[in-house]
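Heads up: the sequence lines are chains A and B, in that order.
For the first sequence, the positions run 1 to 116 when our numbering is used.
For the second sequence, the positions run 1001 to 1109 when our numbering is used.
Backbone N, C-alpha and C define an ideal beta-carbon position, used for all residues, glycine too.
If you're wondering where the values come from, they're calculated on a predicted model, not measured in any experiment.
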Amino acid sequence: EPEVTQTPSHQVTQMGQEVILRCVPISNHLYFYWYRQILGQKVEFLVSFYNNEISEKSEIFDDQFSVERPDGSNFTLKIRSTKLEDSAMYFCASSVPGGDSGNTIYFGEGSWLTVV
Amino acid sequence: LAKTTQPISMDSYEGQEVNITCSHNNIATNDYITWYQQFPSQGPRFIIQGYKTKVTNEVASLFIPADRKSSTLSLPRVSLSDTAVYYCLVGSGTYKYIFGTGTRLKVLA
Chain A
1 EPEVTQTPSH QVTQMGQEVI LRCVPISNHL YFYWYRQILG QKVEFLVSFY NNEISEKSEI
61 FDDQFSVERP DGSNFTLKIR STKLEDSAMY FCASSVPGGD SGNTIYFGEG SWLTVV
Chain B
1001 LAKTTQPISM DSYEGQEVNI TCSHNNIATN DYITWYQQFP SQGPRFIIQG YKTKVTNEVA
1061 SLFIPADRKS STLSLPRVSL SDTAVYYCLV GSGTYKYIFG TGTRLKVLA
């Protein structure tokens, strides 16, 4: 079964450093997402991406964050100047809407970011 | 934006049927309702999706009344491994799907 893959599974970084989280969405999917989940809290939407542009973003997704699809298979989330409160699990997801079903989003297993 | 409301937690015993209801009063005409399961430190896993009436797959059923203002996920004969958090999702705007707080299901032996 196709799946969304994420790397790294766990990263520890110093406060103020830049981090890039990588994702390989399901191959025929067209929409890509990043969500995050702080330990013990609910899953929060960050951004959706389609046709090389941001479709939607939340108030969390400020200038510190950026997304990119550098080639035909990868989708990345860059966090600049990390803060302690950026420590969370970051989930990549993808979807291909249309047809007889709604826009079913499939999630990766997450990248756990620890900022120290 | 379509906001969802679910019970915070539920307990059940192995072998029982569990029904988790989600309220989404301001669901939009084109929105589908999707349910996810999440285990600790794992990504949400797709369970089932529907638009109206009833949908059934190999793991669950989804009941949606005619007004679509709520939906009920039904898990038949739960086991200990079904202990997880269950989320219902309704489309919010253009591909901005917002998770609610979810329902923490605990299955007891």
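Burial state of N103/A (16 or more Cβ within 10 Å)
Buried.
Please report the distance separating the alpha-carbon of F107/A from that of F91/A.
About 7 Å.
Given a threshold of 16 other Cβ atoms within 10 Å of its Cβ, counted over all protein chains shown, does F49/A qualify as buried or as exposed?
Of the residues assessed, F49/A falls on the buried side of the cut-off, its CB having 16 or more other CB atoms within 10 angstroms.
At 3 residues or longer, and completely inside the stretch 16-82 of chain A: list those beta strand (DSSP E) runs for me, N to C.
The stretch 16-82 of chain A contains these whole beta strand (DSSP E) runs: 19-24, 31-37, 44-50, 53-57, 65-68 and 75-79.
Thinking C-alpha only, which one of E59/A, C23/A, L46/A and D86/A is nearest G72/A?
Comparing Cα positions, the closest option is C23/A.
What residue from N1025/B, R1045/B and I1064/B has the CA that sits closest to D1082/B's CA?
For the set N1025/B, R1045/B and I1064/B, the Cα lying nearest the Cα of D1082/B is the one of R1045/B.
CB of L1105/B within 8 Å of CB of S1012/B, strictly:
Closer than 8 Å, so yes.
Quick check on the DSSP output: the beta strand (DSSP E) that includes V115/A runs from which residue to which?
Start and end: S111 to V115.
Can G1043/B and E109/A be called in contact, C-beta distance under 8 Å?
Closer than 8 Å, so yes.
Under the three-state reduction of DSSP, which class applies to S1081/B: helix, strand or coil?
In the displayed model, S1081/B falls within a helix according to three-state DSSP.
Which one of N51/A, Q37/A and G16/A has the shortest CA to CA distance from F45/A?
Nearest option by C-alpha distance: Q37/A.
With the cut-off set at 8 Å, would you say I26/A and P8/A are in Cβ contact?
Cβ distance not < 8 Å, so I26/A and P8/A don't count as in contact.
Chain-order list of residues whose beta-carbon lies under 6 Å from that of K57/A (same chain, five-residue window excluded):
Excluding sequence neighbours, K57/A sits near V47.
Out of F1039/B, V1090/B and M1010/B, which one is the CA nearest neighbour of S1074/B?
That would be M1010/B, whose Cα lies nearest to the Cα of S1074/B.
Bridge-paired residues (DSSP) for N1019/B
According to DSSP, which records beta bridges pairwise, N1019/B is partnered with S1074/B.
Best match in I79/A, V96/A and P97/A for proximity to T114/A [C-alpha to C-alpha]
Measuring from the Cα of T114/A, the nearest candidate turns out to be I79/A.
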